[in-house]
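Peer 1: Residue numbers (this note's numbering): 8 to 309.
To start, I am sharing the structure in question, which I have written as structure tokens.
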């Protein structure tokens, strides 16, 4: 009986130790991540739904972590935006209208969002060369970027706050058309760094003659609001038309009512969908936990 109780006690303590280890690993995975939220990076745009066909990154935009050295000190060609992580390969897509862009003229700083503070070496920002091929459909390569960062923020081992804004120390490099900024957050006490790609529209045409991809969803939203205002003004103008056009006015009013009802129904459906959808941070935590669990299972099999 005593032996049986001893065995049970050992099993219980082993279980507690295993749970504690898993919890520590889980927290270690989740708490040291981050992403560029303004201007929106590809990862952040995916998490907000303004970029499409994103795959797993939409649930964990903070997780583009890989060994240090990109974009120049180790080979990551055509996989720079995903940092070579196959689960985030969708980030390496290139081509016109693949990614929403932010207007470069509106960019005066870069803002990072961190899930927790972490000892940091520095932040560096690289930009594509003035004559890069903006029409390419393969992933970005080191040769696409200037070798010298246009902005460096030294941290000397300090940890950033939950959010950190890096003001431009001078104007953005002179460019025209579509360009990409490669942001690197280098961790001080590990062998890894975090990588983010930010798509910008400098206006005009690129050096190859192509125009920049479509602008960000915020611009599209403003255009939609403008169109809605124009439509309302046109409706008001129509209501003040002479009486002999009454039948036409009635038809227009009916069509306007139907359009308004359809728009209201669509907004309601979107609100319901947002209420039902779990938060991005929760989904990210679940994804990290599942990957850690699979890794532990594989180690046991070995």
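Just so you know, even glycine gets a beta-carbon here, dropped at the ideal spot from N, CA and C.
Considering Cα atoms alone, identify which of 210, 201, 211, 213 is closest to residue 129.
Peer 2: Comparing Cα positions, the closest option is 201.
Peer 1: With distances taken between CB atoms, is the gap from residue 73 to residue 94 smaller than 8 Å?
Peer 2: No, these two residues do not count as a Cβ contact at 8 Å.
Peer 1: Residue ranges of each alpha helix (DSSP H) run of no fewer than 4 residues wholly in the region 144 to 171, ordered along the chain?
Peer 2: Qualifying alpha helix (DSSP H) stretches: none in this window.
Peer 1: Identify whether residue 116 lies in helix, strand or coil by the three-state DSSP scheme.
Peer 2: Three-state DSSP puts residue 116 in a strand.
Peer 1: In chain order, what are the residue ranges of uninterrupted beta strand (DSSP E) at least 3 long that sit wholly in the region 44 to 92?
Peer 2: Complete beta strand (DSSP E) runs here, min 3: 72 to 74.
Peer 1: Count the other C-beta atoms from every protein chain shown that fall within 10 angstroms of the C-beta of residue 169, then say buried if there are 16 or more, exposed otherwise.
Peer 2: Per the 10 Å Cβ criterion, exposed.
Peer 1: Relative to the alpha-carbon of residue 146, which residue among 103, 154, 173 has its alpha-carbon at the smallest distance?
Peer 2: Nearest of 103, 154, 173 to residue 146, Cα basis: 103.
Peer 1: Compute the distance between the beta-carbons of residue 92 and residue 77, then report whether it is under 8 Å.
Peer 2: Contact flag unset, no.
Peer 1: Could you pull the DSSP bridge partners for residue 110 from this structure?
Peer 2: DSSP output for residue 110 lists 208 as bridge partner(s).
Peer 1: Check the C-beta distance from residue 167 over to residue 131 and give it rounded, since I have them as a contact under 8 Å.
Peer 2: Not confirmed; about 14 Å, so no contact.
Peer 1: For residue 121, name the three-state secondary structure that DSSP assigns.
Peer 2: Reduced to three states, the DSSP call for residue 121 is strand.
Peer 1: Check whether the region 38 to 49 and the region 65 to 72 are in contact - that is, three or more C-beta pairs closer than 8 Å.
Peer 2: At 8 Å Cβ cutoff, the stretches touch.
Peer 1: Please report how far the alpha carbon of residue 139 lies from the alpha carbon of residue 204, in whole angstroms.
Peer 2: If I take the Cα positions, the gap works out to 16 Å.
Peer 1: Alpha carbon to alpha carbon, how far is residue 179 from residue 108?
Peer 2: Taking the straight line from one Cα to the other gives about 15 Å.
Peer 1: Which class does residue 203 belong to by DSSP, given the choice of helix, strand or coil?
Peer 2: Residue 203 falls in the strand class under three-state DSSP.
Peer 1: Determine the burial state of residue 164: buried for a count of at least 16 other Cβ atoms within 10 Å of its Cβ, exposed for fewer.
Peer 2: Burial call: exposed.
Peer 1: For residue 96 versus residue 196, is the C-beta distance shorter than 8 Å?
Peer 2: Their beta carbons are not under 8 Å apart, which means residue 96 does not touch residue 196 by this criterion.
Peer 1: Among residues of its own chain, excluding the 5 on either side of residue 99, which ones have a beta-carbon nearer than 7 Å to its beta-carbon?
Peer 2: Around residue 99: 85, 86, 88, 89, 146.
Peer 1: Identify every residue that forms a DSSP beta bridge with residue 190.
Peer 2: DSSP lists 132, 203 as partners of residue 190.
Peer 1: On the CB-based measure, 16 or more other CB atoms within 10 Å of its CB, does residue 181 come out buried or exposed?
Peer 2: By the 10 Å Cβ count, residue 181 comes out exposed.
Peer 1: Cα-Cα, which of 153, 175, 144, 151 is closest to residue 159?
Peer 2: The option with the nearest alpha carbon to residue 159 is 175.
Peer 1: For residue 46, is the classification buried or exposed, using 16 other Cβ atoms within 10 angstroms of its Cβ as the cut-off for buried?
Peer 2: Result: buried.
Peer 1: Buried or exposed, going by whether 16 or more other CB atoms sit within 10 Å of the CB of residue 150?
Peer 2: Result: exposed.
Peer 1: Among 105, 186, 75, 119, whose alpha-carbon lies nearest the alpha-carbon of residue 59?
Peer 2: Of the candidates 105, 186, 75, 119, the one whose C-alpha sits nearest the C-alpha of residue 59 is 105.
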